[in-house]
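Report on the following structure.
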Amino acid sequence: MKLIVANLINEALQSVPELLAAAADLDIETTVERTRDASHGDFASNVAMRLSKPAKKNPRDIASSIIDALGVNPMIASVEIAGPGFINFHLSPSAFHAELKFILDAGENYGRQAKKDAPKILLEFISANPTGPLHVGHGRHAAYGASVGNLLEAVGYPVHREYYVNDAGRQMDILGASVWLRWLEANGVEVSFPSGGYRGEYIREIAAEIDTATLVPPAASDVLAGLPLDAPGGDKEEYVEAIIAKAKSLQGDDGFDHIRQQSLESIRADIEDDLAEFGVTFDRWYSEQSLIKTGRIDDALAVLESRGMLYRKDGATWFPATKFGDEKDRVVVRENGVKTYFASDIAYHFDKRERGYHYLIDILGADHHGYVTRVRAGLVAMGYEGDTLEVELVQFVTLYRGGKKMQMSTRSGEFDTLRQLRAEVGNDAARFYYVMRSNDQHLDFDLDIATTQSNDNPVFYIQYAHARIARVFARAGESGMNWDQDNGRANLGKLTTSQEKSLMSALSRYPEIIELAAKNRAPQTLVHYLRDLVSDFHSSYNAHKVLVDDANLRDARLALYKAVKTVVANGLAILGVSAPEEM
RNA sequence: GCGCCCGUAGCUCAAUCGGAUAGAGCACCGGAUUUCUAAUCCGGUGGUUGCAGGUUCGAGUCCUGCCGGGCGCGCCA
């Protein structure tokens, strides 16, 4: 709808040569915006103010010459200059009627667009370590990433969703050792559980579930022999290492590997199930182990080497990250020959580009922000443009219950899991609450509010509008007043109340909101819009009865409500929230 | 110490490449249902946008400094 106004201004500029030159660098569409105040019309353009400097003329004079040059358009009712030089456009009712018909025609596709030559986007999110179930913080990543992916698809980008599984390295050994000890415990072999191990109850469950048929538990004396002291009194890392070494020597490398891989897969599969129930799915689960096995890390390091982007010092191999703005150079291969996590990460991003994704979005926890510079540095050093990696940081979530802050920590085993949260507040409320705030704001998640089914709870407020409309249509059928859509379309001129006008205007904003939310990676923009939209709906609903005797008015109102129902459902779908027919 | 994010009504938060009189919800006060779902609506109270400068037609938004909060600064992952 905005385009109607932008095109009109563009045409007008064609006939004012001195302004046309000044406007050469200006995208007119960006000068057009919705007004905040209805007295300013429907759209306003600040084009005259923007041209003031390059054209060296008074904004109001410029506005005046643009208005004089405007052609006649049936969609525009009137145009005026206001304030310092705004051009205000009042749209005619027919413009809104046309949009309303378009919504009815487009249905679930309303708000979606095709984009020519859109780059394929690889969206990586969550990527939580497979050492335990997802906790409530990961839930925010899930909800945010999924919604951003939906938004990007809605505006025409092909999106590939990926979860990077950190299934290599020491933490996997710790996981394997933790499960091993719990398995021994279940077989009557008691060993002091390491303070640096994974203590959660789920470890016992995994130990009970995995296939151990080929394994024989060692004697307790063999396990205990030569073990150092755990903290306090001893070193907790040293103790964990000793346990891992014991596991490997007593079960054999193959035996320990068996336990570790089964534990890993059990947890990964559990995460996948959890997310699927939450409505969050991935196109690929990318294993770090596979990155190693396929030689991808060596490939990436070879590329860096060939470009002179590696050097040796103190027995280690370094990447000169400071050349790309990082604080210090980074080790990629340690003195002991083991590649660092950073090497994997460079290789993973290298692989993303090699697979043909030209735009990468990583959604990371705010605590990873120090990582952004060096990963980008890695890409640049390999010859890729740094601005094709975008990182969105998600701030922390704090759970509140009864006004009290709750503690969350993975290793201590005292965390609240995403699964627990979903069970308590429901998927819809959880998805909604997670994206209600900007990702770069800390989120206070109040369990008491999310669980109340009252007007405190915005997700119900929006869903209720959808259910209410569904009920009106059901009622119409029961009362022999079935909606005659053609008649409704022919009588949209009957929608003249202030509430109906506001509602039509709000509906027509939806595509602009989707575009804005996608561009800013900001689902909360959509959340706020939906709340505003249904607020207009509830006002209209309370003020004017729909199922009136006048069939023309009735069918027109039903057309309007049908459009509201469509837009609410479309918006909620992007947020991953259901649109119930009844509540 | 250095770097990144944040600071808006009593509370939780909006605010469109920098736009017009900074808006919602909650809370508080007062009203609305013989009616299509009251999980709703209508009205009212509530602000020096952390502080101080700067940039310009115009600053919550951009720049500088300060104050306050969060996070990060490993040959960990």
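For the first sequence, counting from 1, position 505 maps to 514 in our numbering; every step adds exactly one.
Glycine is no exception: its CB is placed at the ideal position from the N, C-alpha and C atoms.
Would you check if the distance between the CB atom of residue i and the CB atom of residue j is smaller than 8 Å?
i, j, result
"Ala-57", "Ile-96", "yes"
"Ala-439", "Ile-112", "no"
"Asn-384", "Leu-398", "First, the residue type needs correcting, since residue 384 is Val and not Asn in the sequence shown. In contact: Val-384 and Leu-398 (Cβ atoms closer than 8 Å)."
"Ala-21", "Ala-104", "no"
"Tyr-295", "Glu-210", "no"
"Ala-152", "Val-406", "no"
"Gly-288", "Gly-585", "yes"
"Ala-552", "Gly-497", "no"
"Gln-122", "Val-168", "no"
"Gly-205", "Leu-190", "no"
"Val-347", "Trp-327", "no"
"Leu-193", "Pro-226", "yes"
Compare the C-alpha of residue i against each of the options and name the closest.
i, options, result
"Lys-332", "Ala-325, Met-318, Gly-324", "Met-318"
"Val-557", "Asp-126, Val-481, Glu-591, Leu-581", "Val-481"
"Lys-110", "Asp-495, His-537, His-267, Leu-562", "Asp-495"
"Val-14", "Glu-133, Lys-361, Gly-50, Leu-28", "Gly-50"
"Leu-512", "Met-490, Tyr-538, Ile-523, Ala-499", "Tyr-538"
"Ala-278", "Val-174, Glu-42, Phe-546, Ser-156", "Val-174"
"Asp-266", "Thr-44, Asp-323, Ala-432, Ala-177", "Ala-177"
"Thr-2", "Ile-37, Phe-52, Glu-38", "With the chain running from 10 to 592 in the structure shown, residue 2 is simply not present."
"Glu-42", "Glu-521, Ser-548, Thr-534", "Glu-521"
"Thr-506", "Arg-566, Ala-386, Val-198", "Arg-566"
"Ala-195", "Asp-282, Gly-486, Leu-184, Ile-215", "Ile-215"
"Ser-275", "Lys-302, Ala-240, Glu-218, Leu-238", "Glu-218"
"Glu-591", "Ile-583, Lys-574, Gln-271", "Lys-574"
Would you report the Cα separation of residue i and residue j, rounded to the nearest angstrom?
i, j, result
"Gly-154", "Gly-141", "20 Å"
"Phe-98", "Ile-130", "37 Å"
"Ser-421", "His-144", "Confidence at Ser-421 is low in this model, with a pLDDT of 47, below 50, so its placement is unreliable and no value can be given for it."
"Trp-492", "Asn-561", "10 Å"
"Pro-102", "Asn-16", "19 Å"
"Ile-76", "Arg-518", "24 Å"
"Asp-46", "Gln-508", "15 Å"
"Leu-525", "Ala-531", "8 Å"
"Thr-419", "Thr-40", "Its pLDDT being 48, under 50, Thr-419 is placed unreliably by the model, and the measurement read from it follows with that caveat. Using only the alpha carbons, I get a separation of about 49 Å."
"Leu-259", "Thr-223", "13 Å"
"Val-25", "Arg-364", "49 Å"
"Lys-413", "Asp-453", "11 Å"
"Ser-544", "Tyr-380", "42 Å"
"Leu-542", "Ile-212", "47 Å"
"His-451", "Gly-334", "28 Å"
"Phe-593", "Tyr-357", "Residue 593 lies beyond the residue range present for the chain, which begins at 10 and ends at 592; the question has no answer from this structure."
"Gln-533", "Val-468", "12 Å"
"Ile-18", "Leu-160", "29 Å"
"Phe-134", "Gly-148", "11 Å"
"Leu-60", "Asp-114", "39 Å"
"Asp-182", "Gly-242", "23 Å"
By the DSSP assignment, the alpha helix (DSSP H) with residue i in it spans what residues?
i, result
"Ala-163", "145-163"
"Val-543", "532-552"
"Asn-436", "436-445"
"Ser-275", "245-286"
"Arg-316", "No alpha helix (DSSP H) holds Arg-316; DSSP gives it neither H nor E."
"Ile-13", "11-23"
Does DSSP put residue i in a helix, a strand or coil?
i, result
"Tyr-207", "coil"
"Trp-327", "strand"
"Trp-192", "helix"
"Glu-363", "helix"
"Ala-234", "coil"
"Val-198", "coil"
"Asp-453", "strand"
"Phe-105", "helix"
"Tyr-172", "strand"
"Ser-87", "strand"
"Tyr-166", "coil"
"Ser-587", "coil"
"Gly-422", "Legend: pLDDT at Gly-422 = 46, less than 50; position of this residue unreliable, no value from coordinates given."
"Ile-306", "helix"
"Val-225", "coil"
Assuming residue i is part of the beta strand (DSSP E), what are its boundary residues?
i, result
"Arg-43", "41-43"
"Gly-50", "Neither: Gly-50 is in no beta strand (DSSP E) and is coded neither H nor E."
"Thr-407", "406-410"
"Tyr-320", "320-322"
"His-377", "Note, His-377: premise wrong, no beta strand (DSSP E); not H, not E."
"Leu-398", "398-403"
"Ser-514", "Here Ser-514 belongs to no beta strand (DSSP E); instead the alpha helix (DSSP H) covers 507-517."
At a threshold of 7 Å, does residue i count as lining the ligand PLP (C-beta to nearest heavy atom)?
i, result
"Ala-216", "With respect to small molecules bound, the structure shown includes none, and the ligand PLP cannot be examined in it."
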